Amino acid sequence: MLCGHRLLGRGPGCPGGRWGASRGHRRARGCSLGRRPPATMARMARLSIREAARERPTGLALVAGEGRFTFEALARLAAVPPARPVVAEPRVETVVALLAALEARRPFLPLHPAWTQAERRRYLEALGDGKLPPETALVVPTSGSGGRPKGVLLSEAALVASAEASSANLGWQEDDRWLLCLPLAHVGGLSVVLRCLLARRAVVLLPRFEPHPFAEAVRCHRVTLTSLVPTQLRRLLEIDWRPPAHLRAVLLGGASAPPELLRTAAERAIPVLTTYGATEMASQVTTQRYGTPPDPSQGAGPPLPGVKLRIAEDGAIEVDGPMKMLGYAGAPPARGWLRTGDLGRLDAQGRLHVLGRADAMIVSGGENVHPEEVEAALLAHPKVRGACVVGLPDPEWGQRVVAAVEADGRPDLAGFLRERLAGHKRPKAYHFVAALPRTPSGKVARTAVARLLSRTR
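Set out below in structure tokens:
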């Protein structure tokens, strides 16, 4: 029994009626994307908590605070499918809701807990009428063009392929435990749960990341694996954290890691494996090979087994493979090579080096922020005439969100955005200017704004 917790599911601003059909009862006719061949589904492993409970009933599956749950206990809790969508708080209930949805073959729709009510409504509206391909297992939010949210549709086959590819690189040891401190609304956090479910290993769930509680959890729970974004690793270095010998790998992704950060981590014997991933590929695409000495010059490592990767003529990273998404909700199916939106190169050893975004996306603390979404929110203020949002280098966050604003006076924009945008999207600083630099065609010159703000910070 889960005491003292509200059950996650339909909540304020989370309509769920049109998202109630299970994968097992949905007809293929009328869906925008086709089925995978039945033979493929028959051969693959299943992400099933019931099967895990039959194989390892008393095996430890989840640690959260003072609670310890076996696979058998989680299977009992996951007997009832959740209402959808689910506000994906870092709690036991979210994990149970995910497992219950998979068991019932219903799509799991996580919502970012930091989103405002308006952001939730925009996302749910973007998903359309709720008609999803019958094999949809997860609908994971990701930033789209102009900041409009998109739902990435992932099948169980794709999730299994991703988990198996990661496992082929890391291997599994009998005593492995994975410390999870990434958001459960992101594919990075969800994939940890699914990877461990498939391997019948335990997840140690932290309600939030703080350096000292993280270090204590690694020590007292004898954690062997974890996943971090560069901002979290930097905070651990700030407290002079030295990992215990039983921690064998730290997957580092979500944003580019500065070489000096990786060098410092190596000096402190933190077993970092840099990785590059995409929601549309169900998590990892490339990862440094397990067992190789930490080396910043290795980039993000080679493609994982089953991943096809190439660099297009314009320098864009393109990927394909069995872990690729079915498509975006309300859009045609994904076919052929997928452009990730990043630029990169491959070295002589086939390792990927990510060179940056092909668009204006800002990555702050591992969270994607589309400047056009923030600009639109700023322009909704009656005193704002123009706005340009850029990401500036930041030693802690990788990039920080900064806004240049044309306005009548100096309105309280921080207060104005508080109810409109999640915290990671709100600018850390506002610079009021008489006029924004513009191109001859009248468009705001984003590069010129970034140079201006770099000089004035």
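Going by our numbering, the sequence shown opens with residue 12, and the numbers climb by one from there.
From the three backbone atoms N, C-alpha and C, an ideal C-beta is built for every residue, glycine too.
Bear in mind that the values here come from a model prediction, so they are computed numbers and not experimental data.
query, result
"Any idea what DSSP makes of S267, helix, strand or coil?", "coil"
"Note down the Cα distance separating E83 from E66, rounded to an integer number of angstroms.", "9 Å"
"Locate the beta strand (DSSP E) running through L399, then write down its first and last residues.", "Reading off the sequence, residue 399 comes out as Cys, not Leu. Here the beta strand (DSSP E) through C399 covers 395-405."
"In the structure shown, what three-state DSSP assignment does A53 receive?", "With a pLDDT of only 42 at A53, under the threshold of 50, the placement of this residue in the model should not be trusted, and no figure is reported."
"Taking DSSP as the reference, what is the three-state secondary structure of V229?", "helix"
"Taking just the CA atoms, how far does V234 sit from A210?", "16 Å"
"Going by DSSP, name the residue or residues bridged to N469.", "Nothing can be reported for residue 469, as the shown portion of the chain is limited to 12 through 468."
"Confirm, please, whether the CB-CB distance from P160 to Y134 is below 8 Å.", "yes"
"How about A260 and L181: do their beta carbons lie closer than 8 Å?", "yes"
"Determine whether the beta carbon atoms of P194 and V229 lie at a separation below 8 Å.", "no"
"Can you check the region 253-319 for any alpha helix (DSSP H) of at least 4 residues that lies completely inside it and give the ranges in chain order?", "270-278"
"Answer with buried or exposed for K454, where buried requires no fewer than 16 other C-beta atoms within 10 angstroms of its C-beta.", "exposed"
"With burial defined as no fewer than 16 other Cβ atoms inside 10 Å of the residue's Cβ, what is the status of D358: buried or exposed?", "exposed"
"Run the CB neighbour count on T290, radius 10 Å, all protein chains shown included, and call it buried at 16 or more, exposed below.", "buried"
"Beta carbon of R350: closer than 7 Å to some heavy atom of the ligand SAH?", "This structure lacks the ligand SAH; in fact it carries no ligand of any kind."
"My understanding is that T286 touches G312, with C-beta atoms under 8 Å, so please give their C-beta distance in whole angstroms.", "7 Å"
"When you compare only the Cα positions, how much space is there between L208 and A99?", "18 Å"
"Check whether chain C comes within 8 Å of A456, counting only Cβ atoms and requiring the distance to be less than that.", "In the structure shown, chain C does not exist; there is a single protein chain."
"Could you tell me the distance, in whole angstroms, from the CA atom of L120 to the CA atom of F427?", "29 Å"
"Given R431, which residues of its chain have a CB within under 7 Å of its CB, disregarding the five upstream and five downstream residues?", "T127, A129, A388"
"Compute the distance between the beta-carbons of E202 and L315, then report whether it is under 8 Å.", "It is worth fixing the name first, because residue 202 is Ser in this sequence and not Glu. Contact flag unset, no."
"Suppose the cutoff is 7 Å on Cβ atoms and the five residues either side in sequence are ignored; what does the same chain contact list for I281 look like?", "P254, V261"
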